[in-house]
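Report on the structure given below.
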């Protein structure tokens with residue numbers, strides 16, 4: 001099973017991305033044959049085009065620079081060593097070692113380092129170590145990288161804003177659901193197993209928040225150098241702004257759940273303040289879903305009104321015993337949630 005997991009992924013790459021790679025590889029091969037008709041098969045051009053077709057134009061540009069620079073350094077090293085030491089098989093190993101150590105010494109990226117070594121190996125293994133041969137391979141690589149970038153640009157430049165919407169939508173729904181689960185727990189006695197499940201489920205919000213942040217970063221990367229970016233930048237800005245508001249809410253809701261778990265006793269559900277806090281949590285869940293709806297993130301609006309629910313003042317009856325510690329902590333977290341979700345700055349210093 002581990003071997004299968006190492007070579008397979010849960011989600012396929014978009015079919016369009018595969019088509020782009022095929023088109024770019026074929027075009028690079030044909031154009032290189034036209035430009036250098038008497039040379040060897042244009043392997044360098046095909047590999048460059050294949051590698052440069054990336055999920056975003058920004059990544060394609062970076063990969064193109066990385067590939068071209070790596071080939072240039074690799075073929076220079078291979079040519080110099082080939083001229084100096086000849087074409088024996090051991091020279092190939094020496095060239096690869098020198099190329100990798102040189103890239104390491106100059107602190108090149110892992111991708112560039114590997115490309116330097118591969119280029120040195122291919123030059124000595126497939127061709128003659130001559131200046132003309134080296135120059136043609138550099139030109140060939142530049143042609144392949146340019147074609148890969150142009151194909152990725154021309155055939156529907158990728159935009160990854162929709163996945164960011166989906167991840168934020170999932171996070172918001174989970175925040176609201178966690179609030180509602182905690183509200184139900186405040187109203188009824190809970191067993192140890194129920195409290196344990198409540199806390200473990202609430203902790204799922206953290207990786208979901210991280211996934212939403214990663215999706216937004218990928219979306220921003222997909223808009224760099226993208227001619228379609230103008231229509232999506234405002235949309236992505238709204239998604240990012242909402243995530244910035246919901247991130248502290250994740251911390252607050254998890255803190256409320258942890259406080260309830262740590263300071264629980266069977267008499268808590270008899271406190272009238274708990275009933276009121278449960279109602280406030282349900283209103284907060286409504287407002288989270290409302291924020292998703294206003295941002296255009298929620299695919300299925302599930303709110304009954306378009307007005308925020310966390311607007312009415314709430315009066316707390318004095319709790320019994322030391323329940324005031326938990327109740328006070330829950331109320332403070334509710335105030336912070338109200339500030340973040342509704343954007344009411346007047347409540348920030350209340």
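In the UniProt record's numbering, the protein residues as written are 1 to 350. Note that the Cβ used here is the ideal one computed from N, Cα and C, for glycine as well.
Contact check for residue 144 against residue 21 fails: the beta carbons are separated by 9 Å or more. For residue 211, the enclosing alpha helix (DSSP H) begins and ends at 205-223. Between residue 64 and residue 172, the gap from beta carbon to beta carbon reaches 9 Å or more. DSSP, read as helix, strand or coil, puts residue 229 in coil. The DSSP-derived three-state label of residue 107 is coil. Of 74, 251 and 215, the smallest CA-CA separation from residue 138 is found for 74.
Secondary structure note for residue 342: its alpha helix (DSSP H) is the uninterrupted segment 323-342. By the criterion of a C-beta distance shorter than 6 Å, residue 215 is surrounded in its chain by 163, 164 and 167, once the five residues flanking it on both sides are discounted. The Cβ atoms of residue 249 and residue 327 do not sit closer than 9 Å to each other.
From the listed residues 243, 178 and 265, the smallest Cα separation to residue 255 is found for 178.
In this structure, 288 is the residue among 288, 325, 333 and 102 with its C-alpha nearest to the C-alpha of residue 342. Secondary structure of residue 278 (DSSP, three-state): helix. The segment 257-272 makes no contact with the segment 90-103; the number of CB pairs closer than 8 Å stays below 3.
For residue 172, the uninterrupted alpha helix (DSSP H) segment begins and ends at 161-187.
Counting C-beta pairs with one atom in each stretch, the segment 206-226 and the segment 235-244 have three or more that are closer than 8 Å, which means they touch. Taking the C-beta atoms as reference points, residue 195 is found nearer than 9 Å to residue 185. Secondary structure at residue 261: helix, using DSSP grouped into helix, strand and coil.
If you compare the alpha carbons of 49, 44, 56 and 117 with that of residue 78, the shortest gap goes to 117. Counting only residues of its own chain and dropping the five nearest sequence neighbours on each side, residue 49 has a CB closer than 6 Å to the CB of 24, 25, 28, 144, 147 and 148. Apart from the 5 residues on each side of it in sequence, residue 253 sits with its Cβ closer than 8 Å to the Cβ of 175, 178, 179, 182, 202, 205, 333 and 337 in its chain, given in chain order. Short of 8 Å from the beta carbon of residue 187, and not among the five residues preceding or following it, lie these beta carbons of its own chain, in chain order: 269, 274, 275 and 278. In the DSSP annotation of this structure, the continuous segment of the alpha helix (DSSP H) that includes residue 43 starts and ends at 43-52. Residue 271 and residue 170 have their alpha carbons spaced roughly 33 Å apart.
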